[in-house]
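Data first, discussion second: the structure below is written as structure tokens.
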Amino acid sequence: MTGQPTSFQELLQGGIETATHVIKQDIRNVHASYFKKFCEFCISNEYPDPALKRHHELPSLLVAFMESVSAFAVVSNQTAEKIRAAVANYYDSYERRDASGPDKWMIVTNDQGNTYGLGNPAKDAFVRQFMRGLKKRKSTEFTQRQATPIPLDMLSVLPSHLAIAPGFTEASRLCFFAVFAFAFYGMCQINEVLSLKWNNFTLGLARPSTSNPEVSITFGAYKPEGKKTEVAEGRCYNMHHLDDIESPMDVLSQLTTWLTYVQTKTGHNWNDNDYVFLALFKISKSIIKTDDSSTGCESARVEWGK
Numbered sequence: 165m166t167g168q169p170t171s172f173q174e175l176l177q178g179g180i181e182t183a184t185h186v187i188k189q190d191i192r193n194v195h196a197s198y199f200k201k202f203c204e205f206c207i208s209n210e211y212p213d214p215a216l217k218r219h220h221e222l223p224s225l226l227v228a229f230m231e232s233v234s235a236f237a238v239v240s241n242q243t244a245e246k247i248r249a250a251v252a253n254y255y256d257s258y259e260r261r262d263a264s265g266p267d268k269w270m271i272v273t274n275d276q277g278n279t280y281g282l283g284n285p286a287k288d289a290f291v292r293q294f295m296r297g298l299k300k301r302k303s304t305e306f307t308q309r310q311a312t313p314i315p316l317d318m319l320s321v322l323p324s325h326l327a328i329a330p331g332f333t334e335a336s337r338l339c340f341f342a343v344f345a346f347a348f349y350g351m352c353q354i355n356e357v358l359s360l361k362w363n364n365f366t367l368g369l370a371r372p373s374t375s376n377p378e379v380s381i382t383f384g385a386y387k388p389e390g391k392k393t394e395v396a397e398g399r400c401y402n403m404h405h406l407d408d409i410e411s412p413m414d415v416l417s418q419l420t421t422w423l424t425y426v427q428t429k430t431g432h433n434w435n436d437n438d439y440v441f442l443a444l445f446k447i448s449k450s451i452i453k454t455d456d457s458s459t460g461c462e463s464a465r466v467e468w469g470k
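Take any residue in the sequence shown, count from 1 to its spot, add 164: that is its number in the working numbering.
Structure below.
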């Protein structure tokens, strides 16, 4: 080599530091914290410090430590995985590798009858089996959070209140009624409702009643796009008028009222790419963040070209 001479050990140390920086600093800090706790657990149970000696019972100690942490209902199996990863990372490092390598664990007895471990205790079969069992156990304990179902007679409370509450323009009321009805009728998230465009709807459809063919039933159809729970892309759904008790969810009536308002008040001609539930302008966000009794929607109106 030319230039300033550099020893093999210095080059090796530089390589070790480069390899270490593959792992982000915050993850390294988490590993160091959990490995320290594991060492304290071993010492408190009268076992050697894992940082100084590879005791042959390290896999059992690791499982016991993870079990003590994961036994709490509020702790997920992710915490146990972080502990396992911390121990695995500690013994994976170049300077701590031994004859067994970093990817397995083995127990050796020397000529004097002393038993010790070689390799990485986090890669032991007992540890891997524990992690699989813990994942299965936690999955049976986990209960999906679900929103409290809203009673049918409560559906009318919010629209009825909004209809008479001061501080809202006609535009803000009608837009809310239509979005509210669509969210319940179509079982959609709000962002899925707001993303619907004019070409997603077909209105003015009609069919004869099955009970009385002389009666014509009007209905509409819509085609959601990008809906998370959609079973088939491009599938259309019908919109029918509902009974009075379900009027807050009568999306066909609410949607027709909203579209009629927009066309009447603004004279807008709908294009395929127009959002049906477009944003309202002149909403005062600064008032919303204060304790003022105003709603911020006193001047809300529909506008295009902004």
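Heads up, the beta-carbon is just placed ideally off N, CA and C, and yes, glycines get one too.
Beta-carbon gap between residue i and residue j smaller than 8 Å
i, j, result
"Phe229", "Phe199", "no"
"Ala327", "Arg337", "yes"
"Glu334", "Asn364", "no"
"Asp383", "Leu406", "The amino acid occupying residue 383 in the given sequence is Phe; Asp does not appear at that position. Taking 8 Å as the Cβ cut-off, Phe383 and Leu406 do not qualify as a contacting pair."
"Lys287", "Asp317", "no"
"Ala252", "Asn284", "yes"
Cα-Cα separation between residue i and residue j, rounded to whole angstroms
i, j, result
"Lys361", "Val440", "5 Å"
"Phe294", "Thr273", "25 Å"
"Lys470", "Leu442", "Its pLDDT being 44, under 50, Lys470 is placed unreliably by the model, and nothing is read from it."
"Asn377", "Lys300", "Here residue 377 is Pro; the residue named in the question, Asn, does not match the sequence. Approximately 57 Å, taken between the alpha carbons."
"Gln427", "Phe340", "17 Å"
"Ser171", "Ile191", "31 Å"
"Cys400", "Pro330", "38 Å"
"Lys188", "His195", "11 Å"
"Glu410", "Asn193", "56 Å"
"Val357", "Met351", "10 Å"
"Gln418", "Ser303", "42 Å"
"Leu322", "Ser375", "35 Å"
"Pro214", "Glu221", "10 Å"
"Trp434", "His325", "31 Å"
"Ile381", "Phe332", "34 Å"
"Glu210", "Arg292", "25 Å"
"Ile424", "Ile314", "The sequence shown places Thr at residue 424, not Ile. Distance between the alpha carbons of Thr424 and Ile314: 29 Å."
"Lys429", "Asp436", "20 Å"
"Asp275", "Ser208", "30 Å"
"Val415", "Arg296", "48 Å"
"Gly277", "Ser257", "29 Å"
From the options, residue whose alpha carbon lies closest to that of residue i
i, options, result
"Tyr280", "Ile271, Phe383 and Asp288", "Ile271"
"Ser359", "Ser380, Asp438 and Val415", "Asp438"
"Asp408", "Ile381, Ser257 and Ser320", "Ser320"
"Met403", "Arg371, Thr430, Thr424 and Trp434", "Arg371"
"Tyr255", "Leu216, Lys429 and Gly277", "Leu216"
6 Å Cβ shell around residue i - same chain, five flanking residues per side excluded
i, result
"Phe348", "Met413"
"Val379", "Ser373"
"Lys387", "Asn364 and Cys400"
"Pro212", "His219"
Own chain residues within Cβ distance below 8 Å of residue i, not counting five before or after
i, result
"Phe290", "Pro223, Ser224 and Val227"
"Met165", "Interpretation of Met165 is limited by its pLDDT of 46, a score under 50 that renders its predicted location unreliable; the figure taken from the coordinates is listed afterwards. Taken in chain order, the list of residues that qualify is empty."
"Ile354", "Val343 and Ala347"
"Thr421", "Leu338, Phe341 and Ala342"
8 Å contact criterion, which residue i and residue j should meet: CB distance rounded
i, j, result
"Thr366", "Ala342", "That belief does not hold up - the Cβ atoms of Thr366 and Ala342 are roughly 17 Å apart, past 8 Å."
Close beta carbons around residue i, own chain, < 7 Å, minus the five adjacent residues each side
i, result
"Ile247", "Tyr198, Phe202, Phe229, Met230 and Val233"
Residue-level contact to chain C via CB, residue i, 8 Å cutoff
i, result
"Glu389", "Reference to chain C is not applicable here, since this structure consists of a single protein chain."
Check: residue i C-beta below 7 Å from any heavy atom of the ligand ZN
i, result
"Thr421", "Among the components of this structure there are no ligands whatsoever, and the ligand ZN is therefore not found."
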